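Note sheet for the following structure.
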Amino acid sequence: MKKKITLVSSGNGSITAAADLMLQGHDVLVYNLEENKDKMEFLEKDIVLVEGDKRTTLKIPYTTDPVEATRDAYMIMYPLPGYAIEYFAKELAPHTNEDTIVFFNAAASFGPLVYEKATGIRPKYSIESHTLTYATRVDKKSNEIHLHLRVKEVFAASPNCDLTEELVKKLQEFYPVIEPAQDLIHVFLLNANPETHTAGCLLNAGRIDYSQGEFYLYKEGITKSTLKVMRAVAKERREIAKAYGYELKGELESRLDNGYFEPTNKTFDNENDRLQYHFNYSPIFRNIKGPSSVGSRYFIEDIAIGLTNWEKLAKVRNIKTPTVTALIQLGEIIEQRDYRQMGEEMIPWELVTQCRIDF
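Per our numbering, the sequence shown starts with residue 569, numbered consecutively.
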């Protein structure tokens, strides 16, 4: 049955989801803020969805009117970084129907709680995934969407825990791979970006500065040395998760299962060499360019939202996180930002503590 779905912002995730859902037969509408209207001009022309050898031409409708964006919407999807949610939520929330699904489809950042803090509203049907359901890039010069991967394993949970199963079933109409997570903290800890992005970027800050945009994190930034730091962070993340009763897959298994890594018959001397090979040669990862500067979301989102809140979750359970703490401090020196303060301003910790009865 055809449904109206609104995609928030004109970023990679939103435009890709709009194209995908249009091809599924739904009515889609991309929404952006009035002050960002110029960022939507590329949608005046046809856009081409490129997936493997298949090319599909589409015309994606858009609006800057929050009333039009929310009217009769079955679902409003927020495929954007955690630090951007509040700006859109403040415009859309007053007009959003109570039976509309509000889906935070991006790298997990406690999106429903950020929304609630910004608007004072907790939608009945809000839900967050641990990762964006696509690996994708939009080239606004050529008007092409390059869809590299439909992620094969995605977990999601609602702040209204008793509704998670119901909401997951609703989302499976669009994304059959989505499975229920235990709660929002579980979803948050399933997001591996803070371990991959922060270690890989902070230890390559000089190269990022020098490259002036010609930097490929996965192909050149993940080396034998940087991988040691990434794996130390991964170990601390799993220890935090275990302290809360969650079991996380290992670095290799999780990425094979979600499709970012592909199986290989090659033999390796050790697990580090195997992981490095997969990061460097993954068909999905290796051609992703960026970040272009140390002020990118790989730093702001993954340190301020990711690492600082991993550290806070760890302290509640008396788990030591020396590597996580070191990376936060290194990031603060390089960027001259107080990332812990930024994290506190963005993430409503009092709402995080309500995600579990036994917090």
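All C-beta atoms, glycine included, are put in the ideal place defined by N, C-alpha and C. Please read all numbers here as calculations on a predicted model, not as lab measurements.
DSSP lists E696 as the bridge partner or partners of F672. For M569, there is no enclosing beta strand (DSSP E), as DSSP marks it with neither H nor E. Burial state of D730 is exposed, judged by a 10 Å Cβ sphere holding fewer than 16 other Cβ atoms. Excluding five sequence positions before and after D707, the CB atoms of its chain that fall closer than 7 Å to its own CB belong to H714, given in chain order. Per DSSP, the unbroken beta strand (DSSP E) holding D595 starts and ends at 595-599.
Excluding residues up to 5 positions away in sequence, L757, P762, E804, R805, I808, T889, V892 lie with their Cβ nearer than 8 Å to the Cβ of W878 in the same chain.
The Cβ atoms of G581 and Y778 lie no closer than 8 Å to each other. Under the Cβ criterion (8 Å, minimum of three pairs), the segment 598-616 counts as touching the segment 625-644. With 16 or more other Cβ atoms from the protein chains shown falling within 10 Å of its own Cβ, P649 counts as buried. Sequence-distant partners of L895 (beyond 5 residues in either direction) whose C-beta falls short of 8 Å from its own C-beta, in its chain, are T766, A767, L770, V797, V801, I871, L875. Boundaries of the beta strand (DSSP E) around E747: 746-748. Residue pairing of Y828 in beta bridges, as defined by DSSP: absent, with no partner found. Ranked by how close their Cα comes to the Cα of T764, the residues F847, L589, L611, I902 have F847 in first place. R924 places its beta carbon less than 8 Å from that of D751. For the set I902, L919, N886, I873, the Cα lying nearest the Cα of Y651 is the one of I873. With fewer than 16 other CB atoms across the displayed protein chains lying within 10 angstroms of its CB, T625 is exposed.
Restricting attention to alpha helix (DSSP H) runs no shorter than 4 residues, the segment 860-902 encloses them at 876-884, ordered along the chain. If you keep only unbroken beta strand (DSSP E) runs of at least 3 residues inside the segment 767-806, you get nothing at all.
In the three-state scheme derived from DSSP, where H, G and I count as helix and E and B as strand, G679 is classed as helix. Boundaries of the beta strand (DSSP E) around D707: 702-707. In this structure, E830 sits near P851, with a CB-CB distance shorter than 8 Å. A Cβ-Cβ separation of about 7 Å places L700 in contact with A675 under the 8 Å criterion. For I753, the closest C-alpha among the options L575, D926, V576 is that of D926.
For T638, the enclosing alpha helix (DSSP H) covers residues 634-638.
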